[in-house]
Every structure is written in C-alpha cells, then in structure tokens.
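Under the UniProt record's numbering, the sequence shown has 61 at position 61, and the numbering climbs by one with no breaks. The beta-carbon is built from N, C-alpha and C at its ideal position, and this holds for glycine as well. Comments concern the structure below.
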Amino acid sequence: MPAATVSPPWAYTLQLPRDPRAPGVARSTLRAVLRAHGLAALTDTAELLASELVTNAYLHSKGAYSLRLRGAGRQRVRLSVRDTDPHIPAPFSWSVEPPSDMAERGRGLHLVSLWAESWGAYPMDGALPGQGGKLLWVECAGTPEWAPGAGAQGARTPE
C-alpha cells in the first residue's frame, strides 16, 4: 500500500478570448493540468465536460470567458466556466429532460448531465455594466491511479 500524502489545494484559471480556437486551447490546457496532478484517468470525461461548457460559452456569450480547474478532493476535479450571458441553460436550470430526436440544440449539455458526477450554476451579478453573467460548474471523479484495476476510466458512465 502506498504511503498517503497530503497535497496542497490547487486551482488554475484560463482566460479565453472570443476566438474559435479557444475551446481547443482549453482542452489542451486541461489535459496538461490533469496529467501534472496525477489525474490522467479523468482526461476523457473532463475533456468532454469542459469542451461542452467552453464551446457553449463561445457560442452564446458576447465577451471573453474563463475556464477554472480545481482539485476537489481525492481523484476529483471541478471545472467551471464563467461567461457574460446571464441565461442558465438546462440541465443547469434543473431540467434534465433529454432533447428530442429532432432537436437541433441541447445535446451537448444533456451529455454533461450524463457524464458529470454533479453540476450546478450561479448567476453572477456584476458591480459594473458588462460584469454579469453566469458560472456553470461540473465535477468528475475517478479511481486513484494506484488502485487495483485503475487503468480504466473511473468516472461515472451513463445509464
């Protein structure tokens, strides 16, 4: 059994411009951060979740946005995206109904509800004009890399 150590808390914030390349930069940064913190087993799930949130921010907000990555306990990461659009979309507004087969939108955030361990949203009221918006967050968790059978993805799979 490996010796237990206590790691200091960590968090990174990536400011993203309104640029179509920004979601790719966010995914690349996410992979590097997870690998550096021994959370590579979370990469596939975390990348899916971050990609959906960041792409949504790019498509639906008019200004810059940010991705925040934070260690949230043993083999757990919290991803949050803050943008300037105040509208909180489903499933963050607690509607988890899947999109209809003919729906042109809403599939990405439905994936978030299937793959995230937990999720939530906060309206952000700014003191100055243009500072409002919202913060959407998700968490994903996995199996410790040293645990038996830890070669497989450890985050929850959809039912």
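{"Item": "Under 8 Å between C-beta atoms of LEU114 and VAL77", "Value": "no"}
{"Item": "Under 8 Å between C-beta atoms of GLN75 and ALA141", "Value": "yes"}
{"Item": "Exposure label - ALA41; buried when at least 16 CB within 10 Å", "Value": "buried"}
{"Item": "ARG74 (DSSP reduced to helix, strand or coil)", "Value": "coil"}
{"Item": "Delimiting residues of the alpha helix (DSSP H) encompassing GLU47", "Value": "43-60"}
{"Item": "Validate contact between the stretch 118-125 and the stretch 58-66 using beta carbons, cut 8 Å, 3 pairs", "Value": "no"}
{"Item": "Strand pairing of ALA11, partner residues [DSSP]", "Value": "ARG70"}
{"Item": "Helix, strand or coil at ALA116 [DSSP, three-state]", "Value": "coil"}
{"Item": "Neighbourhood of LEU30 by C-beta, 8 Å cutoff - its chain only, sequence neighbours within 5 removed", "Value": "THR43, ALA46, GLU47, ALA50, LEU67, LEU69, LEU79"}
{"Item": "Those residues which DSSP pairs with residue 160 across a bridge", "Value": "No answer is possible for residue 160: the residues shown for the chain start at 1 and end at 159."}
{"Item": "As assigned by DSSP and simplified to three states, the class of LEU79", "Value": "strand"}
{"Item": "Distance CB(LEU109)-CB(PRO89) smaller than 8 Å", "Value": "yes"}
{"Item": "Cβ of PRO23 within 8 Å of any chain C Cβ", "Value": "The structure shown contains no chain C, having only a single protein chain."}
{"Item": "Residue environment, GLY149, which counts as buried when at least 16 other CB atoms sit within 10 Å", "Value": "Because GLY149 sits at a pLDDT of 43, beneath the cut-off of 50, its placement in the model cannot be relied upon, and the following sentence gives the value as read from the coordinates. Label assigned to GLY149: exposed."}
{"Item": "Of the residues ALA72, ASP83, THR84, the one placed nearest VAL138, counting alpha carbons only", "Value": "ALA72"}
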